[in-house]
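Colleague: If you scroll down you'll find the structure; I have some questions about it.
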Amino acid sequence: MEKLNKYNKHLYYALKIFIGLDIIFRTKSNLLNLVLFTGLFGLILLNDHLRWKIFYKKIKLFYTSVFISMAIGLLLPIIVEGYVDIYFYVLLYELILFTEGKLSNFFVGLEISFFVLLLFFRLVDNDYYNLVTIFKENLLDLIMIFMGMFFYCLALFTFRALRKEKRRVEKLNKELETSYNLLKDQAEKIEELTITKERHRVAGEIHDNLGHDLMALNMNLDVVEKTIDKDLVRARKLIQKSQELVKESIENLRKAVYALKEERPKDFVKSIEEMAKNIESTGTVMVVLKIDDESEYLPPEYKGVLYYTIKEALTNSIKHGKADEIRIDIRIGEGVKLIVEDNGIGCNDLVKGNGLLGIESRVKDYKGKVSFSSDNGFRIEILLPN
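The structure is reproduced here in structure tokens:
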């Protein structure tokens with residue numbers, strides 16, 4: 067585009083020089099005409115210069131300047147004749163390529179009207195004004211002139227449309243590039259957030275699974291220590307149970323570290339019953355279950371939330387609450403409600419660790435509600451929407 071503007075500028079100056087020379091050669095025999103018409107053409111040059119250097123930002127001044135150039139450009143060819151009418155093409159070139167809008171189109175039409183007016187001035191004989199005769203004698207010339215003007219304007223309008231389309235495509239490309247960069251940044255942020263969330267999930271997974279299993283293992287070993295001298299058979303059973311817990315812990319740890327997927331028990335009720343049996347097998351804690359039969363048909367995501375909440379609650383009740391009775395109640399109604407409460411010592415100031423924070427996070431992921439209370443023992447209550 068810069069090269070095109072450069073060539074246009076050189077061509078513009080060259081045409082005006084030739085027009086100026088044509089005026090000089092045609093009026094040199096009459097000094098007054100020479101000064102007058104050369105001055106008028108000089109006024110056109112000055113007006114054009116001011117239009118593009120100063121007036122181009124002010125619409126009214128700009129088109130006033132255009133009209134002045136058009137009027138003088140019409141007057142000079144009528145009086146001087148010659149090739150001054152080339153200036154019509156210069157103005158049309160300027161208007162079509164470098165201006166847009168209804169006002170621009172109006173002045174293009176006005177300039178073409180001036181061109182037609184000039185044409186009739188040259189065709190009409192001073193002594194004979196019969197238009198029919200004029201058209202008969204000059205029909206072919208008129209057709210060729212109008213066709214030339216038509217295709218000249220068509221070429222300019224086509225070029226303007228192509229240039230406008232090119233600018234539109236360039237703008238769209240810039241917007242596309244901006245959108246691409248924005249999406250790229252967002253993708254990087256999402257990836258970073260995903261990694262962070264996955265790290266938290268894995269940390270919670272390790273805490274939920276391994277913490278519970280190790281707690282149960284520790285309880286079994288405590289009982290083994292107390293009973294090994296008194297009841298060898300029971301001690302062996304507890305040792306065997308401890309070995310199973312160790313294997314289960316290793317398996318859960320491997321799943322959590324590799325973060326293959328969030329474990330959701332297939333047989334939901336059975337999994338909770340097995341969890342309760344593991345706790346009761348120590349002989350120190352009783353777990354009372356009250357589970358709605360419809361629980362087995364809950365969405366896998368809900369089962370996962372309930373399962374890990376129960377596991378975390380059992381661990382906290384045994385480890386921190388020193389409870390010997392834990393009640394687990396799952397109800398299905400307007401929502402899915404889980405209550406886990408114990409008869410432990412409770413606490414005055416509840417500090418949420420990774421386990422409780424993990425419960426809150428999981429419940430909020432599904433727009434549920436969770437509450438903790440520790441007045442008489444410890445109680446966890448969650449409500450998931452149906």
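Under the working numbering, the first residue of the sequence shown carries the number 67, and numbering increases by one thereafter.
Even for Gly, the Cβ is constructed at its ideal location relative to N, Cα and C.
Only a predicted model underlies this, so the values are computations on that prediction, with no experimental measurement involved.
Rounded to whole angstroms, what's the CA-CA distance from F216 to L158? Just pull it up for me.
Modeller: Numbered from its first residue, the sequence shown carries residue 216 at position 150. Numbered from its first residue, the sequence shown carries residue 158 at position 92. Cα to Cα, F216 sits roughly 12 Å from L158.
Colleague: Beta-carbon separation of G467 and S440 under 7 Å?
Modeller: Because residue 467 is not part of the residues shown, which for the chain are 67 to 452, the question remains open.
Colleague: If you compare alpha carbons, which of L77, D151, S170 and F103 is closest to Y122?
Modeller: Mapped onto the sequence shown, residue 122 falls at position 56. The option with the nearest alpha carbon to Y122 is S170.
Colleague: According to DSSP, simplified to helix, strand and coil, what is P143?
Modeller: One-based indexing of the sequence shown puts residue 143 at position 77. In the structure shown, P143 sits in a helix (DSSP, three-state: H, G or I).
Colleague: Taking its Cβ as the centre, do 16 or more other Cβ atoms sit within 10 Å of H76, making it buried, or is it exposed?
Modeller: Here residue 76 refers to the residue found at position 10 when the sequence shown is read from its first residue. Classification for H76: exposed.
Colleague: Any contact between the stretch 392-402 and the stretch 347-366? By contact I mean 3 or more CB pairs, one from each, below 8 Å.
Modeller: yes
Colleague: Name the two residues that bound the continuous beta strand (DSSP E) containing K123.
Modeller: Against the sequence shown, residue 123 aligns to sequence position 57. Element bounds for K123: n/a, residue is neither H nor E.
Colleague: Can you name, in chain order, every residue of its own chain whose Cβ lies under 8 Å from the Cβ of I85, other than the five neighbours on each side?
Modeller: The residue labelled residue 85 in the question sits at position 19 within the sequence shown. Result list for I85: F107, Y149, V150, I152 and Y153, in chain order.
Colleague: Can you give the Cα-Cα distance for S308 and L283, rounded to whole angstroms?
Modeller: Numbered from 1 along the sequence shown, position 242 holds the residue referred to as residue 308. Numbered from 1 along the sequence shown, position 217 holds the residue referred to as residue 283. Cα to Cα, the separation comes out at about 5 Å.
Colleague: According to DSSP, is E166 helix, strand or coil?
Modeller: By one-based count along the sequence shown, residue 166 stands at place 100. Here E166 sits in coil by DSSP.
Colleague: Identify the residues that DSSP records as bridge partners of D408: which are they?
Modeller: For this step, residue 408 is matched to residue 342 along the sequence shown. Paired residue(s): I392.
Colleague: On the DSSP letters alone, give me the boundaries of the alpha helix (DSSP H) that L429 sits inside.
Modeller: Numbered from 1 along the sequence shown, position 363 holds the residue referred to as residue 429. The sequence given here places Val at residue 429; Leu does not occur at that position. Its alpha helix (DSSP H) spans residues N420 to D431.
Colleague: Which of the three DSSP states, helix, strand or coil, is assigned to V402?
Modeller: Counted from its first residue, the sequence shown places residue 402 at position 336. Residue state, collapsed to three classes: strand.
Colleague: Evaluate Y73 with the Cβ neighbour count: other Cβ atoms within 10 Å of its Cβ, from every protein chain shown; 16 or more gives buried, anything less gives exposed.
Modeller: The residue you call residue 73 lines up with position 7 of the sequence shown. Under this definition Y73 is an exposed residue.
Colleague: Pull up the distance between the alpha-carbon of P451 and that of Y374, whole angstroms please.
Modeller: What you label residue 451 is simply residue 385 of the sequence shown in a count that begins at 1. What you label residue 374 is simply residue 308 of the sequence shown in a count that begins at 1. Answer to the nearest angstrom: the Cα atoms are 18 Å apart.
Colleague: Contact check, E426 vs N409 under 8 Å by CB: the rounded distance?
Modeller: Along the sequence shown, one-based indexing puts residue 426 at 360. Along the sequence shown, one-based indexing puts residue 409 at 343. Actually they are not in contact, since the Cβ atoms of E426 and N409 sit about 24 Å apart, beyond 8 Å.
Colleague: With E362 as the anchor, note down where its beta strand (DSSP E) starts and where it stops.
Modeller: By one-based count along the sequence shown, residue 362 stands at place 296. E362 -> no beta strand (DSSP E), and no H or E assigned at all.
Colleague: Fully enclosed by the stretch 275-355, which alpha helix (DSSP H) runs are 4 residues long or longer?
Modeller: For the stretch 275-355, whole alpha helix (DSSP H) runs of length 4 or above, ordered along the chain, are 277-293, 298-324 and 334-346.
Colleague: Taking C-alpha atoms, which residue in H386, F225, K240 and L142 lies nearest to N414?
Modeller: Residue numbering aside, residue 414 sits at position 348 when the sequence shown is read from its first letter. That would be H386, whose Cα lies nearest to the Cα of N414.
Colleague: Using the rule of at least 16 other Cβ atoms within 10 Å of the residue's Cβ for burial, across every protein chain shown, is S131 buried or exposed?
Modeller: In the sequence shown, counting from the first residue as 1, residue 131 sits at position 65. S131 should be labelled buried.
Colleague: Measuring CB to CB, does I405 end up less than 7 Å from I376?
Modeller: For the purposes of this step, residue 405 is taken as the residue at position 339 of the sequence shown. For the purposes of this step, residue 376 is taken as the residue at position 310 of the sequence shown. No. Outside cutoff.
Colleague: Distance, Cα to Cα, K292 vs E258?
Modeller: Counting from one through the sequence shown, the residue named residue 292 turns up at place 226. Counting from one through the sequence shown, the residue named residue 258 turns up at place 192. So the two alpha carbons sit approximately 50 Å from each other.
Colleague: Would you check if the distance between the CB atom of V289 and the CB atom of L311 is smaller than 7 Å?
Modeller: Position 223 of the sequence shown, counted from the first residue, corresponds to residue 289. Position 245 of the sequence shown, counted from the first residue, corresponds to residue 311. Going by C-beta atoms, V289 is not nearer than 7 Å to L311.
Colleague: Hey, could you find the ends of the alpha helix (DSSP H) K377 is sitting in?
Modeller: If you number the sequence shown from 1, residue 377 lands on position 311. Start and end: P366 to K385.
Colleague: Can you check whether the CB of R428 is closer than 7 Å to the CB of V371?
Modeller: As a first step, residue 371 is located in the sequence shown; it is residue number 305 there, counting from the start. As a first step, residue 428 is located in the sequence shown; it is residue number 362 there, counting from the start. Against a cut-off of 7 Å, the Cβ pair of R428 and V371 comes out as a contact.
Colleague: Would you decide whether I384 is buried or exposed? Buried here means 16 or more other CB atoms lie within 10 Å of its CB.
Modeller: Along the sequence shown, read from residue 1 onward, the residue named residue 384 stands at position 318. Result: buried.
Colleague: Determine whether the beta carbon atoms of V174 and L161 lie at a separation below 7 Å.
Modeller: Taking the first residue of the sequence shown as 1, we reach residue 174 at position 108. Taking the first residue of the sequence shown as 1, we reach residue 161 at position 95. Contact: yes.
Colleague: Find the nearest neighbour of S347 within the set I316, E367 and R300, judged by alpha-carbon distance.
Modeller: Working through the sequence shown from its first residue, we reach residue 347 at position 281. Ranking the options by Cα distance to S347, first place goes to R300.
Colleague: Give the DSSP-derived three-state secondary structure of V436 in the structure shown.
Modeller: One-based indexing of the sequence shown puts residue 436 at position 370. Reduced to three states, the DSSP call for V436 is strand.
Colleague: When we look at the beta-carbon of L326 and count the other beta-carbons within 10 Å, is it buried (16 or more) or exposed?
Modeller: One-based indexing of the sequence shown puts residue 326 at position 260. The predicted model places L326 with a pLDDT of 43, which falls under 50 and marks its position as unreliable; any figure quoted below should be read in that light. Flag for L326 reads exposed.
Colleague: Using three-state DSSP, classify L416 as helix, strand or coil.
Modeller: Position 350 of the sequence shown, counted from the first residue, corresponds to residue 416. L416 falls in the coil class under three-state DSSP.
Colleague: Using the C-alpha atoms, what's the distance from V436 back to K403?
Modeller: Position 337 of the sequence shown, counting from 1, holds the residue named residue 403. Position 370 of the sequence shown, counting from 1, holds the residue named residue 436. Straight-line Cα distance between these residues: approximately 10 Å.
Colleague: Just the C-alpha distance for L141 and F187, rounded to the nearest angstrom, thanks.
Modeller: The count along the sequence shown starts at 1 and reaches residue 141 at position 75. The count along the sequence shown starts at 1 and reaches residue 187 at position 121. So the alpha carbons of these two residues sit roughly 11 Å apart.
Colleague: In whole angstroms, what separates the C-alpha of D333 from that of L364?
Modeller: Against the sequence shown, residue 333 aligns to sequence position 267. Against the sequence shown, residue 364 aligns to sequence position 298. Rounded to the nearest angstrom, the two C-alpha atoms are 11 Å apart.
Colleague: I believe V146 touches Y78 by the beta-carbon criterion, under 8 Å. Please report the beta-carbon distance rounded to the nearest angstrom.
Modeller: Locating residue 146 in the sequence shown gives position 80, counting from the first residue. Locating residue 78 in the sequence shown gives position 12, counting from the first residue. V146 to Y78, Cβ: 20 Å. No contact.
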